[in-house]
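Asker:
Residue numbers (this note's numbering): 1 to 391.
#1: Does DSSP put residue 53 in a helix, in a strand, or in coil?
#2: Assign residue 273 to buried or exposed, taking buried as 16 or more other Cβ atoms, counted over all protein chains shown, within 10 Å of its Cβ.
#3: So what's residue 5 in DSSP terms, helix, strand or just coil?
#4: Taking the straight line between their C-alpha atoms, what separation do you get for residue 214 and residue 193?
#5: Leaving out five residues before and five after residue 148 in sequence, what residues of the same chain have Cβ atoms less than 7 Å from its Cβ?
#6: Fully enclosed by the region 93–167, which beta strand (DSSP E) runs are 3 residues long or longer?
#7: Got a sec: is the Cβ-Cβ distance from residue 70 to anything in chain B below 8 Å?
#8: Where does residue 11 land, buried or exposed, given buried means 16+ other C-beta within 10 angstroms?
#9: As an exercise, report each continuous alpha helix (DSSP H) stretch of at least 4 residues that is fully enclosed by the region 178–229, in chain order.
#10: Taking Cβ to Cβ, would you say residue 332 is nearer than 8 Å to residue 302?
#11: Report the residue ranges of all alpha helix (DSSP H) runs contained in full by the region 229–270; include only those spanning at least 4 residues, in chain order.
#12: Taking the alpha carbon of residue 177 as the reference point, which residue from 70, 267, 126 and 268 has its own alpha carbon closest?
#13: Tell me, please, which residues DSSP counts as bridged to residue 63.
#14: Tell me where the beta strand (DSSP E) around residue 324 begins and ends.
#15: Please classify residue 375 as buried or exposed, where buried requires at least 16 neighbouring CB atoms within 10 angstroms.
#16: Pick out whichever of 58, 110 and 271 has its Cα sitting closest to the Cα of residue 347.
#17: CA-CA distance, residue 310 and residue 325?
#18: For residue 353, which residues of its own chain have a beta-carbon under 8 Å away from its beta-carbon, when the five flanking residues on both sides are left out?
#19: Give the DSSP-derived three-state secondary structure of residue 305 in the structure shown.
#20: On the DSSP bridge list, what partners appear for residue 343?
#21: Can you name, in chain order, every residue of its own chain whose Cβ lies under 7 Å from the Cβ of residue 392, other than the five neighbours on each side?
#22: In terms of residues, what are the limits of the beta strand (DSSP E) holding residue 279?
#23: Is the region 240–249 touching the region 139–148, taking contact as three or more C-beta pairs under 8 Å?
#24: Tell me whether residue 116 is buried or exposed, calling it buried when 16 or more other Cβ atoms sit within 10 Å of its Cβ.
#25: Considering residue 375, what are the terminal residues of the beta strand (DSSP E) in which it resides?
#26: So, for residue 30: in the same chain, excluding its five sequence neighbours on each side, which residues have a beta-carbon less than 8 Å away from its beta-carbon?
#27: Which of the three DSSP states is assigned to residue 27 in this structure?
#28: Based on the DSSP output, what are the partners of residue 45 in its beta bridges?
#29: Less than 8 Å between the beta carbons of residue 195 and residue 157, yes or no?
#30: How about residue 45 and residue 55: are their beta carbons less than 8 Å apart?
#31: Apply the 10 Å Cβ neighbour rule to residue 150 and answer buried if 16 or more other Cβ atoms are within range, or exposed otherwise.
#32: Would you list the one or two residues that DSSP bridges to residue 82?
#33: Since residue 283 and residue 127 should fall inside the 8 Å C-beta cutoff, what is the C-beta to C-beta distance between them, to a whole number of angstroms?
#34: Are the CB atoms of residue 222 and residue 169 nearer to each other than 8 Å?
Set out below in structure tokens:
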């Protein structure tokens, strides 16, 4: 008997129909999907057929994600779209489950996405794992006037000049992407309707950061929207804020992306900045052993954590595992005492440090002995995970 759903790599023949579905799902303008497919690459799209008719698809963006100073191989899931006539029939979960089996076969440790609906992705084993916040401040409230470093305008389309500065910040930022080129290209709009400006902060030979931004009018306000930034020194922070403040005669408000606990705002004289909106992205552990061994850990911690994990979809993740941490690295062996029990969803926010082990226990996401709770707290201690990018 032929299975109801067939999952496969997208072909050139699929793309026009998939593009039509994606434009309908994401309220795109006609032709936008073609630009998006070119940027991501046809080879990274997957489609699902229902009874021999194309019902939807998604993109798998090959990237990395920084955890504990190490870039962990990661599959970013984007553009998940199902044609309206195939919704409510299990098509979306079939698409996700097939995708996860593919990622498992490819030995990719983790996967990340932004959910349109959280319930669907929880069914597939994803859970909340980090944030992406948009902050806002009135330009008159910044009150930092004197720059410490020089600023040099650069052509923002040439993102290679920013890459090394971004990587220096990313390595020490829990949850940052090790970006695919498509993410970089997405910082610059395809149309000429929006001008994007780029500046290096500091000496051109040894810059200490950068800022990429655009300006727009929204109702009665003029807004400076910071699309990307990297700041690697205190002098660079001072220069960042003074440069933004010097736009106050033309700009009413400034928006930028950062963590829930944004360190940049500590430099401001008053608590004038507010979070305009917050998105929580979700992570799925695809391979327990590889995920736990690929990330970094606090260098001063030497500990052993006994896990027992349940995964209904990827059964290789089921069972007991012992994580031994020393010198900032983890080693996983199968077996152990199973002192900390959780399902694959509960492992995601533990892995990223979004919530503490005790908070996860309180929410019913894990069960553990007191010793195991303390050990897990040591091992997964970190700043709140976040990323700059939405994909």
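No residue lacks a Cβ here, since even glycine has one placed at the ideal position from N, Cα and C.
Answerer: Walking through what the data contain:
#1: The residue given as residue 53 occupies position 53 in the chain shown. Looking at residue 53 - three-state DSSP - the assignment turns out to be strand.
#2: For the purposes of this step, residue 273 is identified with residue 273 of the chain shown, where counting begins at 1. It is buried - the Cβ of residue 273 has at least 16 other Cβ atoms within 10 Å.
#3: Position 5 of the chain shown holds residue 5. Residue 5 falls in the strand class under three-state DSSP.
#4: The residue you call residue 214 lines up with position 214 of the chain shown. The residue you call residue 193 lines up with position 193 of the chain shown. C-alpha separation (whole angstroms): 11 Å.
#5: Sequence index remark: in the chain shown, residue 148 carries index 148 (1-based). Only 235, 238 and 239 meet the Cβ criterion.
#6: 110–113, 127–138 and 151–154
#7: Absent here is chain B; the protein component of the structure consists of one chain.
#8: Within the chain shown, the letter at position 11 stands for residue 11. The residue in question, residue 11, is exposed, as its Cβ has fewer than 16 Cβ neighbours within 10 Å.
#9: List check, alpha helix (DSSP H) in window: 181–186.
#10: As a working note, residue 332 is residue 332 in the chain shown. As a working note, residue 302 is residue 302 in the chain shown. Their beta carbons are not under 8 Å apart, which means residue 332 does not touch residue 302 by this criterion.
#11: 234–245
#12: Sequence index remark: in the chain shown, residue 177 carries index 177 (1-based). Minimum Cα distance to residue 177 is reached at 70.
#13: Taking the first residue of the chain shown as 1, we reach residue 63 at position 63. In DSSP, residue 63 forms a bridge with 74.
#14: Indexing the chain shown from 1 puts residue 324 at position 324. Taken as a continuous stretch (DSSP letters only), the beta strand (DSSP E) holding residue 324 covers 319–326.
#15: Working through the chain shown from its first residue, we reach residue 375 at position 375. Under this definition residue 375 is a buried residue.
#16: Start at 1 with the first residue of the chain shown, and residue 347 comes out as number 347. The candidate whose alpha carbon is nearest that of residue 347 is 110.
#17: The count along the chain shown starts at 1 and reaches residue 310 at position 310. The count along the chain shown starts at 1 and reaches residue 325 at position 325. When rounded, the distance between both Cα atoms is 22 Å.
#18: The residue given as residue 353 occupies position 353 in the chain shown. Once the five neighbours on either side are set aside, the close Cβ partners of residue 353 are 174, 380, 381, 382, 383, 384 and 385.
#19: Taking the chain shown and counting its residues from 1, the one referred to as residue 305 is at position 305. It is a strand residue.
#20: Counting from one through the chain shown, the residue named residue 343 turns up at place 343. According to DSSP, residue 343 bridges with 310.
#21: Outside the shown range of the chain, which is 1 to 391, sits residue 392, and nothing can be said about it.
#22: Residue mapping note: residue 279 aligns to position 279 of the chain shown, counting from 1. Looking at the DSSP string, the run of the beta strand (DSSP E) that includes residue 279 is 274–285.
#23: Judged by Cβ distances under 8 Å, the region 240–249 makes contact with the region 139–148, as three or more pairs qualify.
#24: Position 116 of the chain shown holds residue 116. Counting Cβ neighbours within 10 Å, residue 116 comes out exposed, since fewer than 16 surround it.
#25: Here the question's residue 375 lines up with position 375 in the chain shown. No beta strand (DSSP E) holds residue 375; the alpha helix (DSSP H) holding it covers 370–379.
#26: Taking the first residue of the chain shown as position 1, residue 30 is located at position 30. Hits under 8 Å: 23.
#27: If you number the chain shown from 1, residue 27 lands on position 27. Coil, per DSSP.
#28: Along the chain shown, one-based indexing puts residue 45 at 45. Paired residues: 59.
#29: Counting from one through the chain shown, the residue named residue 195 turns up at place 195. Counting from one through the chain shown, the residue named residue 157 turns up at place 157. No, these two residues do not count as a Cβ contact at 8 Å.
#30: Residue 45 sits at position 45 when you count from the first residue of the chain shown. Residue 55 sits at position 55 when you count from the first residue of the chain shown. No, Cβ-Cβ distance for residue 45 and residue 55 is not below 8 Å.
#31: Taking the chain shown and counting its residues from 1, the one referred to as residue 150 is at position 150. Exposed is the call here.
#32: Along the chain shown, one-based indexing puts residue 82 at 82. Looking at the DSSP assignment, residue 82 forms a beta bridge with 56.
#33: Translated into positions along the chain shown, residue 283 becomes position 283. Translated into positions along the chain shown, residue 127 becomes position 127. Contact flag correct, Cβ pair sits at about 7 Å.
#34: The residue you call residue 222 lines up with position 222 of the chain shown. The residue you call residue 169 lines up with position 169 of the chain shown. At least 8 Å separates the beta-carbon of residue 222 from that of residue 169.
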